[in-house]
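Student: Numbers given in the numbering used here equal positions in the sequence shown, counted from 1, plus 415.
Mind having a look at this structure? Questions to follow.
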Amino acid sequence: MKVKHFAFGITVAAVSESRHRRAAWTYADQGANWEAPDCSGSAQSPIDITGDFKHEDHVPFERVNYDAAGNWTLVNSGYTIKMTPSSSDIKVSGGALGDDPYMLAQFHLHWGSAEEGGSEHVLEGKRFYSELHIVHYKAEYGGLAEALSHKDGLAVLGFFIDSDEANEEGAFDEFIMKTVAKNVEEAKSTMEIKDFSMNKLLPSELKDFYRYAGSLTTPTCNEAVVWTVFSEPIKITKSTMEYMNSFTKDAEGELLENNYRVLQPRNERDITHYMTGSHDHPATHDHSDENDPAAEPEPQPEGEPKEDGAEDKDTDAEPEPEGSFATTFNSAALISLFILLQSL
Numbered sequence: 416m417k418v419k420h421f422a423f424g425i426t427v428a429a430v431s432e433s434r435h436r437r438a439a440w441t442y443a444d445q446g447a448n449w450e451a452p453d454c455s456g457s458a459q460s461p462i463d464i465t466g467d468f469k470h471e472d473h474v475p476f477e478r479v480n481y482d483a484a485g486n487w488t489l490v491n492s493g494y495t496i497k498m499t500p501s502s503s504d505i506k507v508s509g510g511a512l513g514d515d516p517y518m519l520a521q522f523h524l525h526w527g528s529a530e531e532g533g534s535e536h537v538l539e540g541k542r543f544y545s546e547l548h549i550v551h552y553k554a555e556y557g558g559l560a561e562a563l564s565h566k567d568g569l570a571v572l573g574f575f576i577d578s579d580e581a582n583e584e585g586a587f588d589e590f591i592m593k594t595v596a597k598n599v600e601e602a603k604s605t606m607e608i609k610d611f612s613m614n615k616l617l618p619s620e621l622k623d624f625y626r627y628a629g630s631l632t633t634p635t636c637n638e639a640v641v642w643t644v645f646s647e648p649i650k651i652t653k654s655t656m657e658y659m660n661s662f663t664k665d666a667e668g669e670l671l672e673n674n675y676r677v678l679q680p681r682n683e684r685d686i687t688h689y690m691t692g693s694h695d696h697p698a699t700h701d702h703s704d705e706n707d708p709a710a711e712p713e714p715q716p717e718g719e720p721k722e723d724g725a726e727d728k729d730t731d732a733e734p735e736p737e738g739s740f741a742t743t744f745n746s747a748a749l750i751s752l753f754i755l756l757q758s759l
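This is the structure:
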């Protein structure tokens, strides 16, 4: 029995050491040398949105509870800043995503530096200063862990952020300068934010965007994302941009900047350009009894989905593994989830 226990201990230690090695990643070389297997896949993100597009009409987006003021958790993950809602009832559908809702899990930012832009996607060769990613998982999959194994598991809404001397101060400037400020300057620091709604940061209409099939832009780079990238940038002032260049630190205590991944090959993937009219509108609060099957939220570090057992629930975009694991969850998926513990 002691021999068995000793062998088991060696196995656990070996797996833990392997996970630690694989989980250590940085934005050095903008992710060109990430070792996670999926990071060298054929449907990776981000890409340069250029070349030939398909053009299609679609139904408007339906945003449910995007306008609901609620409690959120602000986190400096060491790789980005992110906001996670306490509510599990914020969702989006339509917009050519289909009628089945996607549940909002979190949003985060990528940005550049004083010398260069830091948007992950590039539009017709133009890189913007920053990019906002609003991460959702498909409700029918019950949570992030299962969603990551499906091509349509996640829906990420991407918004470019552009700065200019002529821009007037708006809602996004206020979010950066007052809500974020220096409140989470150190890596792993958190702060509770009250009475915040997602719609505060977004345009009233979501009417011009590009759609393609891609991946997470951080390890483990799962090819499970339906990307929606809006062409019209959110405007910020020059002073807000300058503030963002110095408002957070990474896990090493260094200035956090240029946290974007290098562009990936398009590889013949279709990009569809959608245009919506004036019919797009935010929905009012959802007062039905419909709840996210992955309901009971518990904010966790970004980039680490946990297993979804019969009674396992999550709402964060990439939650940390915890609790009892489903017996059918394979080891490859478990390692993938652990790697995401260090990512967005």
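C-beta atoms are modelled at their ideal positions from N, C-alpha and C, and glycine is treated no differently.
1. Starting from the N-terminal side, write out each stretch of the beta strand (DSSP E) that is 3 residues or longer and does not extend beyond the segment 657-691.
2. Distance, Cα to Cα, R436 vs P634?
3. Tell me, please, which residues DSSP counts as bridged to A560.
4. Using the three-state DSSP reduction, which class does I591 fall into: helix, strand or coil?
5. Determine which residues share a DSSP beta bridge with E607 and list them.
6. Report yes if the C-beta distance between G573 and H551 is below 8 Å; otherwise report no.
7. Mapping DSSP to helix, strand and coil, what is L621?
8. Short check: CB of W642 to CB of V571, under 8 Å?
9. Assuming T488 and T499 are in contact, meaning their beta carbons sit under 8 Å apart, how far apart are those beta carbons, in whole angstroms?
10. Answer with buried or exposed for P734, where buried requires no fewer than 16 other C-beta atoms within 10 angstroms of its C-beta.
11. Below 8 Å CB to CB, which residues in the same chain sit around V599 once its five sequence neighbours on both sides are set aside?
12. Specify the secondary structure class of T652 as computed by DSSP and reduced to three states.
13. Assuming the contact rule is C-beta atoms closer than 8 Å, I464 and V644 should be a hit. Round their C-beta distance to whole Å, please.
14. Is the segment 650-658 touching the segment 508-520 in the sense that three or more CB pairs, one from each, lie closer than 8 Å?
15. Can you tell me the Cα-Cα spacing of S528 and R478, whole angstroms?
16. Q445 and V677 look like a contact to me (Cβ under 8 Å); what is the Cβ gap, rounded to whole Å?
17. Could you tell me the boundaries of the beta strand (DSSP E) in which E471 lies?
18. On the three-state DSSP scale, how would you describe P634?
19. By how many angstroms is the C-alpha of E667 removed from the C-alpha of E601?
20. Out of Y556, L559, E530 and L569, which has the shortest C-alpha to C-alpha gap to Y627?
21. List the endpoints of the continuous beta strand (DSSP E) containing W449.
22. Taking just the CA atoms, how far does G557 sit from R542?
23. Helix, strand or coil for L538 per DSSP?
24. What distance in whole Å lies between the Cβ atoms of F590 and L563, which are believed to be in contact at a cut-off of 8 Å?
25. Can I649 and F611 be called in contact, C-beta distance under 8 Å?
26. Which of the three DSSP states is assigned to K597 in this structure?
27. So, for S661: in the same chain, excluding its five sequence neighbours on each side, which residues have a beta-carbon less than 7 Å away from its beta-carbon?
28. Please go through the same chain and pick out, in chain order, the residues whose beta-carbon is closer than 7 Å to the beta-carbon of E583, but skip the five residues on each side of it.
29. Taking 7 Å as the cut-off, does the CB of D463 come closer than this to any heavy atom belonging to the ligand NAP?
30. What is the residue span of the beta strand (DSSP E) that D551 lies within?
31. What does the Cβ neighbour count give for D665, buried or exposed, with the cut at 16 atoms within 10 Å?
32. Alpha carbon to alpha carbon, how far is A554 from P708? Give it in angstroms, no decimals.
33. Among residues of its own chain, excluding the 5 on either side of T687, which ones have a beta-carbon nearer than 8 Å to its beta-carbon?
34. On the criterion of 16 or more Cβ atoms from any shown chain inside 10 Å, does E539 qualify as buried, or is it exposed?
Tutor: In short, the structure shows the following:
1. 687-690
2. Taking the first residue of the sequence shown as 1, we reach residue 436 at position 21. Taking the first residue of the sequence shown as 1, we reach residue 634 at position 219. No answer about R436 holds up, because its pLDDT of 41 lies below 50 and its placement is not dependable.
3. Against the sequence shown, residue 560 aligns to sequence position 145. None, per the DSSP bridge assignment.
4. Here residue 591 is taken as the residue at index 176 of the sequence shown, counted from 1. The answer is helix: DSSP assigns I591 an H, G or I state.
5. Translated into the one-based positions of the sequence shown, residue 607 becomes position 192. Answer by DSSP bridge pairing, in chain order: T488.
6. For this step, residue 573 is matched to residue 158 along the sequence shown. For this step, residue 551 is matched to residue 136 along the sequence shown. No, these two residues do not count as a Cβ contact at 8 Å.
7. Here residue 621 corresponds to residue number 206 of the sequence shown, with the count starting at 1. Here L621 sits in coil by DSSP.
8. Against the sequence shown, residue 642 aligns to sequence position 227. Against the sequence shown, residue 571 aligns to sequence position 156. Contact: yes.
9. For this step, residue 488 is matched to residue 73 along the sequence shown. For this step, residue 499 is matched to residue 84 along the sequence shown. At roughly 5 Å, the Cβ-Cβ gap stays under 8 Å, so T488 and T499 are in contact.
10. As a first step, residue 734 is located in the sequence shown; it is residue number 319 there, counting from the start. At P734 the pLDDT is 37, less than 50, meaning the model places this residue with poor confidence and gives no usable figure here.
11. The residue you call residue 599 lines up with position 184 of the sequence shown. Correct list, in chain order: L489, V490, N491, I496, T605, M606 and T663.
12. By 1-based counting over the sequence shown, the position of residue 652 is 237. Strand, per DSSP.
13. Numbered from 1 along the sequence shown, position 49 holds the residue referred to as residue 464. Numbered from 1 along the sequence shown, position 229 holds the residue referred to as residue 644. Contact holds; Cβ gap of about 6 Å.
14. no
15. As a first step, residue 528 must be located in the sequence shown, where it is residue number 113. As a first step, residue 478 must be located in the sequence shown, where it is residue number 63. Cα-Cα distance, rounded: 32 Å.
16. Indexing the sequence shown from 1 puts residue 445 at position 30. Indexing the sequence shown from 1 puts residue 677 at position 262. The Cβ separation is near 4 Å, so the contact holds.
17. For this step, residue 471 is matched to residue 56 along the sequence shown. Counting along the chain, the beta strand (DSSP E) containing E471 begins and ends at K469 to E471.
18. Here residue 634 refers to the residue found at position 219 when the sequence shown is read from its first residue. If DSSP states are grouped into helix, strand and coil, P634 belongs with coil.
19. Residue numbering aside, residue 601 sits at position 186 when the sequence shown is read from its first letter. Residue numbering aside, residue 667 sits at position 252 when the sequence shown is read from its first letter. So the two alpha carbons sit approximately 10 Å from each other.
20. The residue given as residue 627 occupies position 212 in the sequence shown. Looking at the Cα atoms, L569 is the closest of the given residues.
21. On the sequence shown, residue 449 is found 34 positions in, with the first residue counted as 1. From DSSP, W449 is part of no beta strand (DSSP E); its letter is neither H nor E.
22. Position 127 of the sequence shown, counting from 1, holds the residue named residue 542. Position 142 of the sequence shown, counting from 1, holds the residue named residue 557. If I take the Cα positions, the gap works out to 35 Å.
23. Numbered from 1 along the sequence shown, position 123 holds the residue referred to as residue 538. In this structure, L538 counts as strand in the three-state DSSP scheme.
24. Residue numbering aside, residue 563 sits at position 148 when the sequence shown is read from its first letter. Residue numbering aside, residue 590 sits at position 175 when the sequence shown is read from its first letter. So it is not a contact: roughly 28 Å between Cβ atoms.
25. The count along the sequence shown starts at 1 and reaches residue 649 at position 234. The count along the sequence shown starts at 1 and reaches residue 611 at position 196. No, the Cβ-Cβ distance between I649 and F611 is not below 8 Å.
26. Stepping through the sequence shown from its first residue, residue 597 is reached at position 182. In this structure, K597 counts as coil in the three-state DSSP scheme.
27. As a working note, residue 661 is residue 246 in the sequence shown. If we look at S661 and ignore the five residues flanking it on each side, its Cβ neighbours are L670.
28. In the sequence shown, residue 583 corresponds to position 168, counting from 1. If we look at E583 and ignore the five residues flanking it on each side, it has no Cβ neighbours.
29. No copy of the ligand NAP occurs in the structure displayed, which carries no ligand at all.
30. For this step, residue 551 is matched to residue 136 along the sequence shown. The residue you asked about is not Asp; residue 551 is His in the sequence shown. Unbroken beta strand (DSSP E) run through H551: S545 to K553.
31. In the sequence shown, residue 665 corresponds to position 250, counting from 1. Counting Cβ neighbours within 10 Å, D665 comes out buried, since at least 16 surround it.
32. Counting from one through the sequence shown, the residue named residue 708 turns up at place 293. Counting from one through the sequence shown, the residue named residue 554 turns up at place 139. Confidence at P708 is low in this model, with a pLDDT of 32, below 50, so the placement of that residue should be treated as unreliable; the coordinate-derived value is given next. Approximately 7 Å, taken between the alpha carbons.
33. Taking the first residue of the sequence shown as 1, we reach residue 687 at position 272. Cβ neighbours of T687 beyond the five flanking positions: F468, K469, H470, E471, A511, Y625, R626 and Y627.
34. Your numbering for residue 539 matches position 124 in the sequence shown. Answer is exposed; the Cβ neighbour count stays below 16.
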